[in-house]
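Now the structure itself:
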């Protein structure tokens with residue numbers, strides 16, 4: 174099947190934006206095992222790209238190793254983008270926690286604009302793609318990050334097709350195309366296969382399991398503000414040092430912006446955005462859910478991801 178995923182002489186390119194969660198993993202296995210699905214969504218070479226926040230869970234990193242082995246088996250090119258490779262924006266070049274340490278900030282549920290997703294997931298992938306088409310298809314090695322490479326590629330060979338793992342229950346996250354000539358509209362063909370085939374998260378879990386593959390946990394950062402109180406309790410029980418570090422980052426941020434809050438009346442949001450600190454939310458979670466077993470909390474964590482407000 175190697176030539177299926179990297180046809181000799183082909184200049185067409187399909188990219189799977191891979192999050193290592195259940196949705197994008199279902200697309201990955203459908204491309205391998207579902208011939209009709211593959212005929213519908215794959216054109217030319219398949220390139221699988223994962224962008225690392227350096228704040229993923231251990232089970233996510235373990236699953237990435239697992240997927241890389243399958244990619245080798247089927248001759249699929251897999252790219253693992255890390256912040257030190259030069260494709261992440263400068264302010265995010267040390268990952269999520271490095272960003273917190275450098276700027277004494279946090280991500281908050283009160284912030285509807287998830288700059289972390291843009292800086293750590295979206296921008297690195299498209300920066301890499303610009304470099305990739307420039308060096309592989311346009312043969313311009315002297316300027317590997319040349320702006321306009323994706324436009325030149327699209328003019329010569331057609332748009333890059335990007336498959337995005339958004340389930341049918343999250344279809345509102347799709348970004349509509351624009352008619353004002355934005356570069357992405359001119360160069361990228363976004364496809365949402367799970368929306369098209371009406372797969373929800375449970376469908377993805379069942380499909381992966383039906384092929385006797387391991388089903389991954391939903392992909393999300395350890396310090397994601399959109400986790401639930403139950404998941405915060407899971408983090409505290411399973412990774413207490415991570416919880417402590419996160420709480421310290423929150424305290425540093427609150428101290429940094431305390432003066433602006435007093436003098437200018439600006440909001441100084443906590444992670445949960447409700448004026449309760451992580452420690453206070455944890456105490457509430459212990460009071461309400463402390464009776465739950467570790468197994469029950471893990472089951473809760475297995476059911477959903479967090480980046481549900483970001484649009485792609």
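In my numbering, the protein residues as written are 174 to 485. The beta carbon of each residue, even a glycine, is placed where N, CA and C say it ideally should be.
1) Just to confirm the assignment, what range does the alpha helix (DSSP H) spanning residue 233 have?
2) Taking 7 Å as the limit between beta carbons, can you name the residues of its chain near residue 234, skipping five residues before and five after?
3) How is residue 224 classed by DSSP in three states: helix, strand or coil?
4) For residue 272, which residues in the same chain have their Cβ closer than 6 Å to its Cβ, ignoring the five residues on either side in sequence?
5) Three Cβ pairs or more, each shorter than 8 Å: is that satisfied between the segment 174-187 and the segment 321-336?
6) Thinking just about the alpha-carbon of each residue, which of 442, 180 and 303 is nearest to the one in residue 425?
7) So the candidates are 407, 459 and 452; which of them puts its Cα closest to the Cα of residue 468?
8) How long is the line joining the alpha carbons of residue 246 and residue 460, rounded to whole angstroms?
9) Give the C-beta separation of residue 178 and residue 218 to the nearest angstrom, bearing in mind that I take them to be a contact with Cβ-Cβ under 8 Å.
10) Under the three-state reduction of DSSP, which class applies to residue 396: helix, strand or coil?
11) Quickly, what does DSSP pair residue 251 with across the bridge? List them, please.
12) Could you tell me how far apart the beta carbons of residue 254 and residue 224 are, in whole angstroms, since I believe they sit closer than 8 Å?
13) Using 8 Å for Cβ pairs, my map puts residue 377 next to residue 196. What's the rounded Cβ distance?
14) Which ranges does the alpha helix (DSSP H) cover as unbroken runs of at least 4 residues, wholly within the segment 386-466, from first to last along the chain?
15) Quick check on the burial criterion: 16 or more other C-beta atoms within 10 angstroms. Buried or exposed for residue 400?
16) Could you name each continuous alpha helix (DSSP H) segment of 4 residues or more that falls completely within the segment 284-316, going from the start of the chain to the end?
17) Report yes if the CB atom of residue 370 is closer than 8 Å to the CB atom of residue 202, and no otherwise.
18) Under 7 Å Cβ to Cβ from residue 433, same chain only, skipping five residues before and after it: list those, please.
19) Can you tell me the Cβ-Cβ gap for residue 206 and residue 384, rounded? I've got them flagged as a contact below 8 Å.
20) Are there 16 or more other CB atoms within 10 angstroms of the CB of residue 276, so buried, or fewer, so exposed?
21) Where does residue 351 sit, in a helix, a strand or coil, going by DSSP?
22) Does DSSP put residue 337 in a helix, in a strand, or in coil?
23) Using 8 Å as the threshold, is the C-beta distance between residue 398 and residue 445 below it?
24) Quick check on residue 363: does DSSP put it in helix, strand or coil?
25) Buried or exposed: residue 328, going by 16 or more other Cβ atoms within 10 Å of its Cβ?
26) How far does the alpha helix (DSSP H) with residue 204 in it extend, from its first residue to its last?
27) Relative to the alpha-carbon of residue 454, which residue among 366, 257, 476 and 420 has its alpha-carbon at the smallest distance?
Straight from the coordinates:
1) On the chain shown, residue 233 is found 60 positions in, with the first residue counted as 1. Where residue 233 is concerned, the enclosing alpha helix (DSSP H) stretches over 231-247.
2) Here residue 234 refers to the residue found at position 61 of the chain shown. Closer than 7 Å at Cβ, skipping near neighbours: no residue.
3) Your numbering for residue 224 matches position 51 in the chain shown. If DSSP states are grouped into helix, strand and coil, residue 224 belongs with the strands.
4) Taking the first residue of the chain shown as position 1, residue 272 is located at position 99. The answer, listed in chain order, is 265.
5) yes
6) Position 252 of the chain shown holds residue 425. Among 442, 180 and 303, the Cα nearest to that of residue 425 belongs to 442.
7) Position 295 of the chain shown, counted from the first residue, corresponds to residue 468. That would be 407, whose Cα lies nearest to the Cα of residue 468.
8) Counting from 1 along the chain shown, the entry for residue 246 is found at position 73. Counting from 1 along the chain shown, the entry for residue 460 is found at position 287. Going from the Cα of residue 246 to the Cα of residue 460 covers about 48 Å.
9) Residue numbering aside, residue 178 sits at position 5 when the chain shown is read from its first letter. Residue numbering aside, residue 218 sits at position 45 when the chain shown is read from its first letter. Between residue 218 and residue 178 the Cβ distance is about 7 Å, and since that is below 8 Å, they are a contact.
10) On the chain shown, position 223 is the one that residue 396 refers to. In the structure shown, residue 396 sits in coil (DSSP, three-state: anything other than H, G, I, E or B).
11) Taking the chain shown and counting its residues from 1, one reaches residue 251 at position 78. Answer by DSSP bridge pairing, in chain order: 221.
12) Here residue 254 corresponds to residue number 81 of the chain shown, with the count starting at 1. Here residue 224 corresponds to residue number 51 of the chain shown, with the count starting at 1. At roughly 4 Å, the Cβ-Cβ gap stays under 8 Å, so residue 254 and residue 224 are in contact.
13) Your numbering for residue 377 matches position 204 in the chain shown. Your numbering for residue 196 matches position 23 in the chain shown. Contact annotation, residue 377 with residue 196: C-beta distance approximately 6 Å; criterion of less than 8 Å satisfied.
14) Whole alpha helix (DSSP H) segments, 4+ residues: 402-411, 413-429, 431-437 and 451-462.
15) Start at 1 with the first residue of the chain shown, and residue 400 comes out as number 227. The residue in question, residue 400, is buried, as its Cβ has 16 or more Cβ neighbours within 10 Å.
16) 296-309
17) Reading the chain shown from its first residue, position 197 is the one you call residue 370. Reading the chain shown from its first residue, position 29 is the one you call residue 202. No; because the gap between Cβ atoms is not below 8 Å, this pair is not in contact.
18) Your numbering for residue 433 matches position 260 in the chain shown. Closer than 7 Å at the Cβ level, and outside the excluded window around residue 433, lie 439.
19) For the purposes of this step, residue 206 is taken as the residue at position 33 of the chain shown. For the purposes of this step, residue 384 is taken as the residue at position 211 of the chain shown. Contact flag correct, Cβ pair sits at about 6 Å.
20) Start at 1 with the first residue of the chain shown, and residue 276 comes out as number 103. That one is exposed.
21) Translated into positions along the chain shown, residue 351 becomes position 178. Note that residue 351 scores 44 on pLDDT, short of 50, meaning its location in the model is unreliable; the coordinates nonetheless yield the value given after this. In the structure shown, residue 351 sits in coil (DSSP, three-state: anything other than H, G, I, E or B).
22) Position 164 of the chain shown holds residue 337. Residue 337: strand per DSSP, three-state reduction.
23) The residue labelled residue 398 in the question sits at position 225 within the chain shown. The residue labelled residue 445 in the question sits at position 272 within the chain shown. Cβ distance < 8 Å, so residue 398 and residue 445 count as in contact.
24) Start at 1 with the first residue of the chain shown, and residue 363 comes out as number 190. In this structure, residue 363 counts as strand in the three-state DSSP scheme.
25) In the chain shown, counting from the first residue as 1, residue 328 sits at position 155. So residue 328 counts as exposed.
26) Taking the first residue of the chain shown as position 1, residue 204 is located at position 31. Looking at the DSSP string, the run of the alpha helix (DSSP H) that includes residue 204 is 195-206.
27) Taking the chain shown and counting its residues from 1, the one referred to as residue 454 is at position 281. Cα-wise, what sits closest to residue 454 is 420.
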